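> I have a structure here, written as C-alpha cells, and I will follow up with some questions on it.
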Amino acid sequence: MSLHSRKALLLGVIFLAVLLVVSSLSYAALGDRLLARGSRGPEVTELQKRLQMLGYVVGPIDGIFGRQTESAVRLFQKEHGLAVDGLVGKNTVRELKRLTGQTVTTGGKAVGYKNSDVNLLARLVSAEAKGEPYRGQVAVAAVVLNRVKSPQFPNSIPDVIYQPGAFSPVANGQIWKEPVSSAIKAANEALAGTDPSYGALFFFNPAKTTSMYIWSRPQIIQIGNHIFAR
Amino acid sequence: MRNKNFWITTLAVLLVFSLLWGFGENRRAADFRTASENQNQRSFSDFVSNLDSLETNLAKSRVASTPLQQLYYLGQTSLQSEITVKDLSLLPAEEVGLAYVDQFLNQIGDFSRSLSQQIVKGDQPGPEQEETLAAMHDRLIEVNRKIQEVAVNLQTSNIVWVDKPSPAWMPGAQTAAVATQAKEDGVKEPSSLRASLEQLDASLQKLPPFTYSGQTDTHAVPEPLGLPDLKVKEEEARQAAQEFIKAIGYQNTDLKLSTPTNGVFEGYSYTAENISIDVCKRGGVIIFFRDERPLGLQQLSAEQAAAKAVQTLQAMGWKSFIATAIEDFGGYIQMDAVYVQDKVRIYPDKIRLVVTKDNGQIIGYDATPYWLFHHQRTLKPQITAKQAQSKLRQDVKIKENGMAVISLPGYAEAFCYEYRVHKDGEDYLIYINAQDGTEEKIQRIVITPRGEFLQ
Chain A
149 MSLHSRKALL
159 LGVIFLAVLL
169 VVSSLSYAAL
179 GDRLLARGSR
189 GPEVTELQKR
199 LQMLGYVVGP
209 IDGIFGRQTE
219 SAVRLFQKEH
229 GLAVDGLVGK
239 NTVRELKRLT
249 GQTVTTGGKA
259 VGYKNSDVNL
269 LARLVSAEAK
279 GEPYRGQVAV
289 AAVVLNRVKS
299 PQFPNSIPDV
309 IYQPGAFSPV
319 ANGQIWKEPV
329 SSAIKAANEA
339 LAGTDPSYGA
349 LFFFNPAKTT
359 SMYIWSRPQI
369 IQIGNHIFAR
Chain B
151 MRNKNFWITT
161 LAVLLVFSLL
171 WGFGENRRAA
181 DFRTASENQN
191 QRSFSDFVSN
201 LDSLETNLAK
211 SRVASTPLQQ
221 LYYLGQTSLQ
231 SEITVKDLSL
241 LPAEEVGLAY
251 VDQFLNQIGD
261 FSRSLSQQIV
271 KGDQPGPEQE
281 ETLAAMHDRL
291 IEVNRKIQEV
301 AVNLQTSNIV
311 WVDKPSPAWM
321 PGAQTAAVAT
331 QAKEDGVKEP
341 SSLRASLEQL
351 DASLQKLPPF
361 TYSGQTDTHA
371 VPEPLGLPDL
381 KVKEEEARQA
391 AQEFIKAIGY
401 QNTDLKLSTP
411 TNGVFEGYSY
421 TAENISIDVC
431 KRGGVIIFFR
441 DERPLGLQQL
451 SAEQAAAKAV
461 QTLQAMGWKS
471 FIATAIEDFG
481 GYIQMDAVYV
491 QDKVRIYPDK
501 IRLVVTKDNG
511 QIIGYDATPY
521 WLFHHQRTLK
531 PQITAKQAQS
541 KLRQDVKIKE
551 NGMAVISLPG
561 YAEAFCYEYR
571 VHKDGEDYLI
581 YINAQDGTEE
591 KIQRIVITPR
601 GEFLQ
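First to last, the sequence lines map onto chains A and B.
Residues in the first sequence are numbered from 149 upward in steps of one, following this note's numbering.
Residues in the second sequence are numbered from 151 upward in steps of one, following this note's numbering.
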C-alpha cells in the first residue's frame, strides 16, 4: 500500500468518525428521527420522561429504548387512538408532546404545567383502586373531591389526601409510587366534575373493613370491590 | 479448645455488633420521634394562635361601622378559618378526623365569605344575619377557650399526642406512659391531645349546625330539581337503558341487573360486556353511562367528535344543547353539553360527555348536574345589554358576548350577560348580573395541552 493511499484511508476513517459523532449530536431532539427498539440517546431519555409523566411505566430512564419502553409506547398508542406499532414516529411524538406540554395564557405565555393536583389525585387512585374497574377509579377520585367540598373535611386536595389517618396508601407509603395511566385518566375525569359515586364521602372494601363507623354510613353504590357511602 | 475459643470470640464480636446496630437504630427512631413530635407541636401551636386571631377578627367584624372595614375583617375571618382548618388537618386524628370542629370552622369561613360578597354588592347584613354571626361568635369563644386550656395542659402536664401503649422498657416510654390524671371530682381528664380534641368534637356534635342562605355544602343536593316524581318499575328502567344504548350505537345488548343504587339518585344499575349504566327510579331517566371499549384509530378532530356527540343527543331527544369545555385527551375528548333556553346558555343544566375520536361515539355520559338543577326559569333581563356593557372596565376589548345562567356558591344561580374580554395578552370571561348590574364572576381562560380551561 502506498503512503498516499494509506493517508486517504486514514482521512476516510476520521471523516466517518466525525460524521457518526455529528449525526448522533444532531439527533438530540425528540421527533427528529424514527425511534424504535434498540435506539439510544438523549431523545430516548426525553421520550421516557414524557411517557412517565402520563403514567406509562418505562422502567429506569436510561436513554435506551428497551422492552419496557416499547410496551409503554404500544400502550400509549393504544390508549390514544394511534396505530399500535411500537415505533415512535411523527404522530406519536406530536401527541406525546402536546399532552405533556405546559399551560399557556391565551396570548401564548407559558404559565407552568398546573398538574400537581391531578398527579397527587392520580397517585391516590392508583394506590387505592389500581385493579378496580375504571368507573370505580373515577369514583375514588370523586370521593376526594366530594370531601374538599364538604364542610366536614379540609378544603384542598392535598389537605384531604394527607389528612392523618384518612387514606391507608399515605400511611404505608404506596402513594409515592408513580400512578398508572388509567388513574391519571380517572383523576382528570373526576376533576372535570364526573361523580359516579353520587356524592359519596367514604369508600371501603367490605371484605377487609371491620370499622364500625364506616359500616354505619348510608351506602350509595357498589362498584367493583368498593362500597361507596355518605 | 482452640475451636471453642474461636466460637466464643466470634459470638462476642457479633453480639457487640448487634448491640451497636440496635443502639444506632434506637437513636434513629428517637430522632424520628422528635421530628414528628416537633411537627405535631408546631401544627398545634399554629392552630392555637390562628384560632385565637380568627376569634378576634370575627369579634371586630361585628362592630366595624363602615362597609370597607367590615369587609376587611370578614375577609380576614374567612381566610383565618381556612388556615385553622388546614392546621387541624395536620394533627394526628382518627380515620374520620375531627368532623364537627372542621364543620364549625368551615361554616364560619363560609358565612363570612357570603356576607362579604353581599356587602361588595352594596347590601348590608340584615338583623337575622347579624344574629347568626353573633351566635357563631359565641360558640367560637367557647371553642377557643377550650383549645387554650388544652394548650396550657400540654405545657403543664405530660399530655401526649396519641394514646398508644408503649412497652415500659422502651426509651421514651416515660412520656408515653404518663397518662390519666384523675381530677378531685373523679372526672377523667383526657390523657392525650387527640382525646381532648375528640372530646371537643363530641361536644360540638351535640349542638345544631348553623343554617343560613348561601350555604356551600355542595357535595350533595338534598333534592334534585329536575327529576320527575313518577317511579318506574324494573322492566321500564331496563327498557329505557336498552333504548339509550341503541341510540349510542349498539344493537341487542344483553343487560345484567347489578346491585341497585341508593340515595338521591336511587335506581337500577345494569352492566354488559364493557358497559355500565344507571337508571333512576324517578322518571326512569338515564343518569350515568360508561363504556370501556378499546379506542380505535383517531379519525376525527376534537370539534368533529363534539359535533357528532351533540347530534347523538339530538337524536335522543335532547334538542337544545351546545358543546362547551372541550378537552382533547388524544383518543377521546371530555366535554360539557350545555342546555340553551331562548339563546341563553344554562351552564348548571349540563350533561358531561366522553366522546371517542375514532367514530364520535359517546362512551361516557353523566347527566347528574342536569337532573339536579334543571327547572323552569323565567329569563327576563332588568337591564339592557348597553347598561351591562357600561359596567365593564374601559380598557378591556370585548371579543364575544351573550347571555348565560351561571351557578354561584351553594345552590344559587345568577342570570347574567357574559363577556369574553381581552386585556394584556389574556382572555377572561366576565359575568354582569342581568337583574341588578353587579359583577358576579370573573374567570380566567388558560390553554392547557388539552384545550381551553377556566380558572
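Note that beta-carbon positions come from the ideal geometry of N, C-alpha and C, so glycine has one too.
Keep in mind that this is a model prediction, so the values were computed, not measured.
Report the three-state DSSP secondary structure of Asp586 (chain B) (helix, strand or coil).
Within the second sequence, numbered from 1, the residue matching residue 586 (chain B) stands at position 436. Note: Asp586 (chain B) maps to coil in three-state DSSP.
> DSSP state of Gly322 (chain B), grouped into three classes?
As a first step, residue 322 (chain B) is located in the second sequence; it is residue number 172 there, counting from the start. Any reading at Gly322 (chain B) must be qualified, since the residue scores a pLDDT of 41, below 50, and its modelled position is unreliable; the value itself is stated next. Here Gly322 (chain B) sits in coil by DSSP.
> Would you please verify whether the beta carbon of Arg97 (chain B) is less than 8 Å from any beta carbon of chain A?
Past the boundaries of the shown model lies residue 97 (chain B); chain B is included only from 151 to 605, so the question cannot be answered.
> Helix, strand or coil for Val337 (chain B), going by three-state DSSP, please let me know.
Translated into the one-based positions of the second sequence, residue 337 (chain B) becomes position 187. With a pLDDT of 43 at Val337 (chain B), under the threshold of 50, the modelled position of this residue cannot be trusted, and the question is left open.
> Please return the same chain residues whose Cβ sits closer than 6 Å to the Cβ of Glu280 (chain A), not counting the five positions on each side in sequence.
Translated into the one-based positions of the first sequence, residue 280 (chain A) becomes position 132. Answer for Glu280 (chain A): Gly372, listed in chain order.
> So, at 8 Å on beta carbons, what are the nonlocal neighbours of Ile305 (chain A) in its own chain, with the 5 sequence-adjacent residues on each side left out?
Your numbering for residue 305 (chain A) matches position 157 in the first sequence. If we look at Ile305 (chain A) and ignore the five residues flanking it on each side, its Cβ neighbours are Asp265, Leu268, Leu269, Val292, Leu293 and Val296.
> Report yes or no: do three or more beta-carbon pairs, one from the region 522-533 of chain B and one from the region 585-605 of chain B, lie closer than 8 Å?
yes
> Quick check on Gly518 (chain B) - is its C-beta less than 8 Å from some C-beta in chain A?
Position 368 of the second sequence, counted from the start, is the residue given in the question as residue 518 (chain B). It should be pointed out that residue 518 (chain B) corresponds to Thr in this sequence rather than to Gly. True, the Cβ-Cβ gap to chain A drops below 8 Å.
> Does any residue of chain A bring its CB to less than 8 Å from the CB of Ile436 (chain B)?
To locate residue 436 (chain B), count along the second sequence from 1; it is residue 286. Ile436 (chain B) does not count as touching chain A.
> Relative to the C-alpha of Ala290 (chain A), which residue among A:Pro312, A:Gly256 and A:Glu337 is closest?
The residue given as residue 290 (chain A) occupies position 142 in the first sequence. Minimum Cα distance to Ala290 (chain A) is reached at A:Glu337.
> To the nearest angstrom, how far is it from the Cα of Lys493 (chain B) to the Cα of Ala538 (chain B)?
For the purposes of this step, residue 493 (chain B) is identified with residue 343 of the second sequence, where counting begins at 1. For the purposes of this step, residue 538 (chain B) is identified with residue 388 of the second sequence, where counting begins at 1. In a straight line, the C-alpha of Lys493 (chain B) is about 17 Å away from that of Ala538 (chain B).
> Quick one: which chain A residues come within Cβ less than 8 Å of Asp252 (chain B)?
As a working mapping, residue 252 (chain B) is identified with position 102 in the second sequence. Within chain A, the residues near Asp252 (chain B) are Pro299, Gln300, Phe301 and Pro302.
> According to DSSP, is Gly601 (chain B) helix, strand or coil?
Translated into the one-based positions of the second sequence, residue 601 (chain B) becomes position 451. Strand, per DSSP.
> Does the CB of Asp508 (chain B) have a neighbour CB from chain A at under 8 Å?
If you number the second sequence from 1, residue 508 (chain B) lands on position 358. So yes, Asp508 (chain B) belongs to the interface.
> How far does the alpha helix (DSSP H) with Phe439 (chain B) in it reach, from first residue to last?
One-based indexing of the second sequence puts residue 439 (chain B) at position 289. Here Phe439 (chain B) belongs to no alpha helix (DSSP H); instead the beta strand (DSSP E) covers Ile436 to Asp441.
> Using a beta-carbon distance cut-off of less than 8 Å, what residues from the region 225-255 of chain A approach chain B?
Lys226, Glu227, His228, Gly229, Leu230, Ala231, Glu243, Arg246, Leu247, Thr248, Gly249, Gln250, Thr251, Val252, Thr253, Thr254 and Gly255
> Looking at the secondary structure, which residues open and close the alpha helix (DSSP H) in which Gly372 (chain A) lies?
As a working note, residue 372 (chain A) is residue 224 in the first sequence. Where Gly372 (chain A) is concerned, there is no enclosing alpha helix (DSSP H), given that its DSSP letter is neither H nor E.
> What's the gap between the Cα of Phe415 (chain B) and the Cα of Thr227 (chain B)?
The residue labelled residue 415 (chain B) in the question sits at position 265 within the second sequence. The residue labelled residue 227 (chain B) in the question sits at position 77 within the second sequence. Cα to Cα, the separation comes out at about 36 Å.
> How do the region 252-263 of chain B and the region 222-240 of chain B stand: do at least 3 beta-carbon pairs fall below 8 Å, yes or no?
yes
> To test your reading of the DSSP string, which unbroken alpha helix (DSSP H) runs of 4 or more residues are found completely within the region 519-551 of chain B?
Counting only runs of 4 or more, we get 535-539.
> Excluding five sequence neighbours on each side, which residues of the same chain lie with their C-beta closer than 6 Å to the C-beta of Lys547 (chain B)?
What you label residue 547 (chain B) is simply residue 397 of the second sequence in a count that begins at 1. Closer than 6 Å at Cβ, skipping near neighbours: His572.
> Chain C beta carbons: is any one of them nearer than 8 Å to that of Pro498 (chain B)?
Judged by its chain identifiers, the structure shown contains no chain C, and its protein chains are A and B.
> What are the partner residues of Ala473 (chain B), as DSSP defines its beta bridges?
In the second sequence, counting from the first residue as 1, residue 473 (chain B) sits at position 323. Partner(s): B:Ala487.
> Grab me the residues of Thr421 (chain B)'s own chain with a C-beta within less than 6 Å of its C-beta, minus the 5 sequence neighbours each way, in chain order.
Reading the second sequence from its first residue, position 271 is the one you call residue 421 (chain B). Lys406 and Ser408.
> Check whether the region 347-361 of chain A touches the region 218-230 of chain A, counting contact only when three or more Cβ pairs, one atom from each stretch, lie closer than 8 Å.
no
> Based on DSSP bridge pairs, tell me the residues matched to Asp577 (chain B).
Counting from one through the second sequence, the residue named residue 577 (chain B) turns up at place 427. Partner(s): B:His572 and B:Ile595.
> Answer with buried or exposed for Arg432 (chain B), where buried requires no fewer than 16 other C-beta atoms within 10 angstroms of its C-beta.
Taking the first residue of the second sequence as 1, we reach residue 432 (chain B) at position 282. Buried is the call here.
> Is Gly417 (chain B) closer than 8 Å to Val429 (chain B) when the C-beta atoms are compared?
Start at 1 with the first residue of the second sequence, and residue 429 (chain B) comes out as number 279. Start at 1 with the first residue of the second sequence, and residue 417 (chain B) comes out as number 267. Result yes, Cβ atoms of Val429 (chain B) and Gly417 (chain B) sit closer than 8 Å.
> Buried or exposed, going by whether 16 or more other CB atoms sit within 10 Å of the CB of Phe565 (chain B)?
Locating residue 565 (chain B) in the second sequence gives position 415, counting from the first residue. Buried, since its Cβ has 16 or more Cβ neighbours within 10 Å.
> So for Ala340 (chain A), helix, strand or coil by DSSP?
Translated into the one-based positions of the first sequence, residue 340 (chain A) becomes position 192. Here Ala340 (chain A) sits in coil by DSSP.
> Against chain B, with Cβ distances strictly below 8 Å, would Gln367 (chain A) count as a contact?
In the first sequence, the residue the question calls residue 367 (chain A) occupies position 219. For Gln367 (chain A), the answer is yes, since a Cβ of chain B falls inside 8 Å of its Cβ.
> Please specify which runs of the alpha helix (DSSP H), each continuous and at least 4 residues long, are wholly inside the region 176-233 of chain A, giving them in chain order.
190-201 and 215-227
> What first and last residue would you give for the alpha helix (DSSP H) that runs through Ser451 (chain B)?
As a first step, residue 451 (chain B) must be located in the second sequence, where it is residue number 301. Note, Ser451 (chain B): premise wrong, no alpha helix (DSSP H); not H, not E.
> Can you pull the chain A neighbours of Glu232 (chain B), defined as C-beta to C-beta under 8 Å?
Taking the first residue of the second sequence as 1, we reach residue 232 (chain B) at position 82. Those are Asn303, listed as they occur along chain A.
> How long is the line joining the alpha carbons of Asp574 (chain B) and Thr253 (chain A), rounded to whole angstroms?
What you label residue 574 (chain B) is simply residue 424 of the second sequence in a count that begins at 1. What you label residue 253 (chain A) is simply residue 105 of the first sequence in a count that begins at 1. Near 10 Å, if we compare the C-alpha coordinates of Thr253 (chain A) and Asp574 (chain B).
> Would you verify that the beta carbon of Ile395 (chain B) is, or is not, closer than 8 Å to some beta carbon of chain A?
Here residue 395 (chain B) refers to the residue found at position 245 of the second sequence. No, its Cβ sits nowhere closer than 8 Å to a Cβ of chain A.
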